[in-house]
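> Residue numbers are given in UniProt numbering: position 28 of the sequence shown equals residue 28, and the series is strictly consecutive.
Glycine included, C-beta positions come from ideal geometry on N, C-alpha and C.
Owing to the predicted nature of the structure, the values given are computational and were not obtained by experimental measurement.
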Amino acid sequence: MVIDQGIGRTQQTLSLWRRLLTSVRDRYLCKEDLQVHQGKWSTMEQGTRCLRELAVLEIIFSEDERFPKSPDDVQCTSQMWVRFAWLGPEMYSRYLAMLQWREGEDKVGVLVNKLRIYEDTVTAPFRTHVSSVETRLAEQVRSLIEEGHQKLKKELKEEIYHISPEPTRVSAIRSRYLPARERGYTPRGNLWSFLREHGEDMRKWDGKPTSSLAARVCELKRETPTTKSSSRAKPAPVSQAQNSRRYRKNDMTDPLEGTSGTYLQGESNV
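1. Beta-carbon separation of Q79 and G104 under 8 Å?
2. Which residues in the same chain as residue 271 place their Cβ atom closer than 7 Å to its Cβ, once the five residues preceding and following it in sequence are excluded?
3. Which residue spans inside the stretch 22-91 form an unbroken alpha helix (DSSP H) run of at least 4?
4. Under three-state DSSP, which class holds K208?
5. Any idea if A55 is buried or exposed, counting beta-carbon neighbours within 10 angstroms, 16 or more meaning buried?
6. Exposed or buried, what is V24 when buried is set at 16 or more other beta-carbons lying within 10 Å of its beta-carbon?
7. According to DSSP, K107 sits in a beta bridge with which residue or residues?
8. Could you check the C-alpha separation between E159 and Q150 for me, to the nearest Å?
9. Quick check: the stretch 40-48 against the stretch 81-101, are at least 3 beta-carbon pairs closer than 8 Å?
10. Could you pull the start and end residues of the alpha helix (DSSP H) that E197 belongs to?
11. So, for R83: in the same chain, excluding its five sequence neighbours on each side, which residues have a beta-carbon less than 6 Å away from its beta-carbon?
12. What does the alpha-carbon distance come out to for the pair N113 and K31?
13. Taking all protein chains shown into account, do 16 or more other C-beta atoms lie within 10 angstroms of the C-beta of G47, making it buried, or fewer, making it exposed?
14. Output needed for E119: all residues of its chain with C-beta closer than 7 Å, excluding positions within five of it in sequence on either side, in chain order.
15. Comparing C-alpha positions only, which one of D206, L96, P68 sits nearest to I117?
16. Using the Cα positions of W101 and V110, report the straight-line distance between them to the nearest angstrom.
17. In whole angstroms, give me the CA-to-CA distance for W17 and S70.
18. Return helix, strand or coil for E159, following the three-state DSSP convention.
19. I'd like the span of the alpha helix (DSSP H) that includes S93, first residue to last.
20. Which of the three DSSP states is assigned to E200 in this structure?
21. Please report how far the alpha carbon of S131 lies from the alpha carbon of D64, in whole angstroms.
22. Just how far apart, CA to CA, sit T121 and L115?
23. Given a threshold of 16 other Cβ atoms within 10 Å of its Cβ, counted over all protein chains shown, does L144 qualify as buried or as exposed?
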């Protein structure tokens with residue numbers, strides 16, 4: 001803001017660049033106040049800009065009216081060069097220390113051209129090589145990652161095919177509590193029915209534990225080893241009334257034979 005006001009107050013017929021330099025000089029009293037605003041440079045393009053800024057400082061605070069007004073025409077001093085090298089990166093420090101220049105004779109524009117030539121002949125091919133190496137390494141890493149992903153997918157598929165499904169919570173609970181037959185006893189109702197069918201006094205067994213009923217059933221089974229097949233083979237007794245009904249049925253269903261079941265029964269009795 002102060003610099004803009006200084007440019008507007010200038011009454012002389014000067015270029016905008018000269019007005020800007022004069023306003024900056026009126027705002028700052030010494031060179032060191034402006035140098036603190038300069039930062040480190042990392043590329044050669046930033047380095048040439050930094051060297052020109054140092055030349056502008058020489059222009060601003062020069063008392064000689066014949067001093068050059070263009071940064072490239074300013075002669076480089078040892079103080080300018082030391083500060084320029086100190087603000088630069090380590091990769092350029094050796095070259096800047098070996099670069100031959102003559103104080104008071106070599107101008108900033110000449111040094112800028114030397115720095116650009118060094119950048120084009122040495123640093124640029126090296127950066128290109130580094131970039132190609134980085135690209136190649138990135139492709140190799142990408143292919144290795146893709147190969148690892150494919151291998152992992154294949155292994156996971158094989159494991160899925162070979163691993164049996166884990167039992168669910170319900171099946172785990174069921175396996176913990178086996179059925180009654182597998183636990184070695186039958187339901188209480190079946191034991192109760194068995195004892196009652198074998199003539200047991202059920203009042204005696206009322207309130208008894210199921211294990212006692214099961215023990216009594218085992219005793220009865222050992223005492224009466226009867227099978228269902230023998231009970232089915234034994235014919236049921238037929239009463240005389242059932243026989244007479246059967247004979248009467250035969251008399252009605254077979255009238256054309258001239259004899260009846262009752263008549264045959266009477267002859268056999270005679």
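Reading off the structure:
1. In this structure, Q79 sits away from G104, with a CB-CB distance that is not shorter than 8 Å.
2. Any answer about residue 271 is impossible in this case: the structure gives the chain only from 1 up to 270.
3. Correct list: 32-35, 44-60, 78-87.
4. K208 falls in the coil class under three-state DSSP.
5. Taking a 10 Å sphere around the C-beta of A55, we find 16 or more other C-beta atoms and assign the residue as buried.
6. By the neighbour-count rule (16 or more Cβ atoms within 10 Å), V24 is buried.
7. Answer by DSSP bridge pairing, in chain order: Q75.
8. The straight-line gap separating the alpha-carbon atoms of E159 and Q150 is approximately 14 Å.
9. Output reads yes: the stretch 40-48 touches the stretch 81-101.
10. For E197, the enclosing alpha helix (DSSP H) stretches over residues 188-197.
11. Hits under 6 Å: none found.
12. Going by C-alpha positions, N113 is about 26 Å away from K31.
13. Taking all protein chains in view, the Cβ of G47 is crowded by 16 or more other Cβ atoms within 10 Å, so the residue is classified as buried.
14. When the five nearest sequence neighbours on each side are left out, the beta carbons in the same chain lying within less than 7 Å of the beta carbon of E119 are those of M44, in order along the chain.
15. Closest option to I117, Cα to Cα, is L96.
16. In a straight line, the C-alpha of W101 is about 9 Å away from that of V110.
17. Their backbone Cα atoms lie some 9 Å apart in a straight line.
18. If DSSP states are grouped into helix, strand and coil, E159 belongs with the helices.
19. Per DSSP, S93 belongs to the alpha helix (DSSP H) from 93-98.
20. Here E200 sits in coil by DSSP.
21. C-alpha of S131 to C-alpha of D64: approximately 48 Å in a straight line.
22. Looking at the two C-alpha atoms, the distance is approximately 10 Å.
23. Under this definition L144 is an exposed residue.
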